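Asker: Provided herewith is a single structure, encoded as structure tokens, for subsequent inquiry.
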């Protein structure tokens, strides 16, 4: 491409040289014309000078012959005009020029002539006419006038020769300019032809390049589509692997718990069949395994960000301070606990019980990492995650956060362990030391709350896990008034409508309610419950499942309260599916208990709801 541009560049250089030469010739022509004009003006000045000298001489002769002063008028006018003419001649013909010698001769002769004229006029004025005529007849003035004419003639010859030379040069320049103009036009014409042909060639090259680029883009799009398909397949495989790992972990833990429950129930059945009643240990073991299974499902819901949250305005400093006794009991006396609480800490909006659970999970993990001996530091601070940090962490929204950091002096984590730390059922602890769900539960809760989790750790240097919860900027609502213990104030009496589509769950729940002292009316679905409410208006509370075929629990609650505004409702479910929970947050003024629940948990929830106005 560089060699192909040389003819075009050469054409431009030739045109530039022709235009430049023409400009130089034009300047030379202008200079010659100016010089010719100056020469003509100089000739006119010299002619005027000679005429003034002759006028002065004529006036002097007339005065000498007549004695009349009026004859001196031309003389005096000539004397007044001569200095200006001489000054202009000096400008036109400066010293050192070709005609300077002749000008000097003219000035000398003129000065002598002026002196003669002045002398004769003075003699005539004094009456010495004879002396004045003697000077005139002596011929000195005539010689000076001849000398002036001779020098003027010499200057005219010099200027004439110069004018002739300039005229010849101007004629040559004119011919050169014509030739240069013709050459420039020819060069421009040829350059235009070459440019058109070169542009056509380049256009064809561009079209070919565009066609080639289009073909490459098509190939690239095909490659991208193929790669996207492969990546989608890889992601699907990775999802299946993750689901397989998750399913395997769940199956392993649930099988262990179910093994305890089944064996305990089988042993209890055999003992009862033999008439033995010492089955308390078996029942306790089964209940403990069932509680562990319930805790496992709660952790899985937390990891999947599906647990129902009841967010409130939280003062993290007050929450951490309130956990001090719980942390000391949980971690033991060998762990030194230190808190660094920031002054002026912002408020955040989160579920306080889940925040406490997250801190407790991190503290327990830290205790295990320190082998139950070391220092645990809990720190709070106001933090701003800027746009640069958000760009490096796509799941993070830039803004202001309340930071809660838990730091230990334990063994630390490698980069590989950090990368997998939040995976469910991933753990580096020995068997029976942990399920691998603690950090995944913390991660799920923080993400569900719109926050961020970051691990800072190196092997042998300890670990810091920072929880970032969004700053709350709204007005601070008053804390809910605590309800007094309902055990004394509200006896376990009254009629409860139990709505549950699963017959076995309905039967077991009804048995618990009867055990607690309530009168129970059962309904298998929404339509059945509405008919029961119409027939039995004395029902104080409706305990309903949320996920049911046909009419769900939320729809049932709305229709029931339209008929009985004073009816209290408690929802129960193991999975909400946005019926009473939206974006992970319980709807306002909703009472909820998660399945599975114990007798004590259900009793406390019902008494709490019935005690409210």
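Numbering (the numbering used here), first residue to last: 8 to 620.
Note that CB positions come from ideal geometry on N, CA and C, so glycine has one too.
From a predicted model like this one, the values you see are computed outputs, not experimental measurements.
1. Given a threshold of 16 other Cβ atoms within 10 Å of its Cβ, counted over all protein chains shown, does residue 506 qualify as buried or as exposed?
2. Would you report the Cα separation of residue 165 and residue 148, rounded to the nearest angstrom?
3. Pull up the CB-CB distance for residue 143 and residue 72, whole angstroms please, since I reckon it's below 8 Å.
4. Taking the beta strand (DSSP E) that residue 100 belongs to, which residues open and close that run?
5. So is the beta-carbon of residue 157 under 8 Å away from any non-hydrogen atom of the ligand MG?
6. Taking the alpha carbon of residue 375 as the point to measure from, which residue in 418, 359, 150 has its own alpha carbon closest?
7. Note down, in chain order, each residue of its chain lying with its Cβ closer than 7 Å to the Cβ of residue 170, except the 5 sequence neighbours on either side.
8. Hey, would you say residue 413 sits closer than 9 Å to residue 474, going by beta carbons?
9. Just checking, does the stretch 510-517 make contact with the stretch 386-397 on the three C-beta pairs under 8 Å criterion?
10. Taking the CB atoms as reference points, tell me whether residue 386 and residue 326 lie closer together than 9 Å.
11. Tell me, to the nearest whole angstrom, how far the beta carbon of residue 557 is from that of residue 532; I am working on the premise that it is less than 8 Å.
12. Identify which residue in 131, 161, 180 has its Cα closest to the Cα of residue 105.
13. Pairs of beta-carbons, one from the stretch 396-411 and one from the stretch 512-529, closer than 8 Å: are there three or more?
14. Pull up the DSSP beta-bridge partners for residue 340, would you.
15. Smallest Cα separation from residue 157: which of 139, 525, 198, 108?
16. Using 10 angstroms around the beta-carbon of residue 448, count the other beta-carbons present and answer buried if the total reaches 16, otherwise exposed.
17. Just confirm the distance between the C-beta atoms of residue 337 and residue 379, as a whole number of angstroms; I'd bet it's less than 8 Å.
18. Taking the CB atoms as reference points, tell me whether residue 500 and residue 539 lie closer together than 9 Å.
19. For residue 422 and residue 463, what's the separation of their Cα atoms in angstroms?
20. Per the contact definition of three or more C-beta pairs closer than 8 Å, is the stretch 175-188 in contact with the stretch 119-136?
21. Going by beta-carbon coordinates alone, are residue 467 and residue 415 separated by less than 9 Å?
22. Hey, residue 617 and residue 550: beta-carbon distance below 9 Å or not?
23. Using three-state DSSP, classify residue 475 as helix, strand or coil.
24. How many Å lie between residue 65 and residue 95 at the Cα?
25. On the CB-based measure, 16 or more other CB atoms within 10 Å of its CB, does residue 434 come out buried or exposed?
26. Could you give the distance in angstroms between the alpha-carbon of residue 542 and the alpha-carbon of residue 614?
27. With a threshold of 16 other CB atoms inside 10 Å of the CB of residue 223, please say whether the residue is buried or exposed.
28. Which residue comes first and which comes last in the beta strand (DSSP E) that contains residue 320?
29. Count Cβ pairs between the stretch 50-60 and the stretch 85-104 that sit closer than 8 Å; are there 3 or more?
30. Any beta carbon from chain B within less than 9 Å of residue 599's own beta carbon?
31. Output needed for residue 116: all residues of its chain with C-beta closer than 6 Å, excluding positions within five of it in sequence on either side, in chain order.
32. Whole angstroms are fine: how far does the CA of residue 120 sit from the CA of residue 114?
33. Let me confirm a value: residue 544 is counted as buried when at least 16 other C-beta atoms fall within 10 Å, else exposed. Which label applies?
34. Consult DSSP for residue 469 and reduce its assignment to one of helix, strand or coil.
35. Cβ of residue 400 within 9 Å of Cβ of residue 476?
36. In or out: residue 502 buried (at least 16 other Cβ within 10 Å) or exposed?
Answerer: The answer reads as follows:
1. Looking up residue 506 in the chain shown gives position 499. Residue 506 sits buried, since 16 or more C-beta atoms from the chains shown fall within 10 Å of its C-beta.
2. Within the chain shown, residue 165 is the residue found at index 158, counting from 1. Within the chain shown, residue 148 is the residue found at index 141, counting from 1. Each residue's alpha carbon lies about 26 Å from the other.
3. On the chain shown, residue 143 is found 136 positions in, with the first residue counted as 1. On the chain shown, residue 72 is found 65 positions in, with the first residue counted as 1. 10 Å between Cβ atoms; not a contact.
4. Start at 1 with the first residue of the chain shown, and residue 100 comes out as number 93. Where residue 100 is concerned, there is no enclosing beta strand (DSSP E), given that its DSSP letter is neither H nor E.
5. The ligand content of the structure shown is nil, which means the ligand MG is not present either.
6. Residue numbering aside, residue 375 sits at position 368 when the chain shown is read from its first letter. Taking each of 418, 359, 150 in turn and checking the Cα distance to residue 375, the smallest one comes out for 418.
7. Your numbering for residue 170 matches position 163 in the chain shown. The residues are 43, 46.
8. Mapped onto the chain shown, residue 413 falls at position 406. Mapped onto the chain shown, residue 474 falls at position 467. Yes, the Cβ-Cβ distance between residue 413 and residue 474 is below 9 Å.
9. No contact exists between the stretch 510-517 and the stretch 386-397.
10. Numbered from its first residue, the chain shown carries residue 386 at position 379. Numbered from its first residue, the chain shown carries residue 326 at position 319. No.
11. What you label residue 557 is simply residue 550 of the chain shown in a count that begins at 1. What you label residue 532 is simply residue 525 of the chain shown in a count that begins at 1. The pair is a contact, with the Cβ atoms about 6 Å apart (cut-off 8 Å).
12. Numbered from its first residue, the chain shown carries residue 105 at position 98. Ranked by Cα distance from residue 105, the options 131, 161, 180 are led by 161.
13. Two segments are said to touch when three or more pairs of C-beta atoms, one from each, lie closer than 8 Å; by this definition the stretch 396-411 does not touch the stretch 512-529.
14. Within the chain shown, the letter at position 333 stands for residue 340. According to the DSSP secondary-structure assignment, residue 340 is paired through a beta bridge with no residue.
15. As a working mapping, residue 157 is identified with position 150 in the chain shown. The candidate whose alpha carbon is nearest that of residue 157 is 108.
16. Position 441 of the chain shown, counted from the first residue, corresponds to residue 448. The residue is buried, with at least 16 neighbouring Cβ atoms inside 10 Å.
17. As a working mapping, residue 337 is identified with position 330 in the chain shown. As a working mapping, residue 379 is identified with position 372 in the chain shown. Incorrect: roughly 11 Å between the Cβ atoms, too far for contact.
18. For the purposes of this step, residue 500 is taken as residue 493 along the chain shown, with counting starting at 1. For the purposes of this step, residue 539 is taken as residue 532 along the chain shown, with counting starting at 1. No.
19. Taking the chain shown and counting its residues from 1, the one referred to as residue 422 is at position 415. Taking the chain shown and counting its residues from 1, the one referred to as residue 463 is at position 456. For residue 422 and residue 463, the distance between alpha carbons rounds to 10 Å.
20. The stretch 119-136 is not in contact with the stretch 175-188.
21. The sequence position of residue 467 within the chain shown is 460, counting from 1. The sequence position of residue 415 within the chain shown is 408, counting from 1. One thing to note: residue 467 has its Cβ no nearer than 9 Å to the Cβ of residue 415.
22. By 1-based counting over the chain shown, the position of residue 617 is 610. By 1-based counting over the chain shown, the position of residue 550 is 543. In this structure, the beta-carbon distance from residue 617 to residue 550 does not fall below 9 Å.
23. The residue given as residue 475 occupies position 468 in the chain shown. Here residue 475 sits in strand by DSSP.
24. Taking the chain shown and counting its residues from 1, the one referred to as residue 65 is at position 58. Taking the chain shown and counting its residues from 1, the one referred to as residue 95 is at position 88. Within the model, the alpha-carbon separation for residue 65 versus residue 95 is close to 24 Å.
25. In the chain shown, the residue the question calls residue 434 occupies position 427. Under this definition residue 434 is a buried residue.
26. Stepping through the chain shown from its first residue, residue 542 is reached at position 535. Stepping through the chain shown from its first residue, residue 614 is reached at position 607. If I take the Cα positions, the gap works out to 25 Å.
27. In the chain shown, residue 223 corresponds to position 216, counting from 1. Residue 223 counts as exposed, since fewer than 16 other beta carbons sit within 10 angstroms of its beta carbon.
28. Mapped onto the chain shown, residue 320 falls at position 313. Residue 320 -> beta strand (DSSP E) spans 319-321.
29. Segments in contact, yes.
30. Of the protein chains in the structure, only one exists, and it is not chain B.
31. In the chain shown, counting from the first residue as 1, residue 116 sits at position 109. Here residue 116 has 151, 154, 155 as same chain residues with Cβ atoms under 6 Å from its own Cβ, once five neighbours each way along the sequence are excluded.
32. The count along the chain shown starts at 1 and reaches residue 114 at position 107. The count along the chain shown starts at 1 and reaches residue 120 at position 113. Going by C-alpha positions, residue 114 is about 10 Å away from residue 120.
33. By one-based count along the chain shown, residue 544 stands at place 537. Counting of Cβ neighbours within 10 angstroms places residue 544 among the exposed residues, the total staying below 16.
34. Translated into the one-based positions of the chain shown, residue 469 becomes position 462. If DSSP states are grouped into helix, strand and coil, residue 469 belongs with coil.
35. One-based indexing of the chain shown puts residue 400 at position 393. One-based indexing of the chain shown puts residue 476 at position 469. Not a contact, by the Cβ cut-off of 9 Å.
36. As a first step, residue 502 must be located in the chain shown, where it is residue number 495. By the neighbour-count rule (16 or more Cβ atoms within 10 Å), residue 502 is not buried but exposed.
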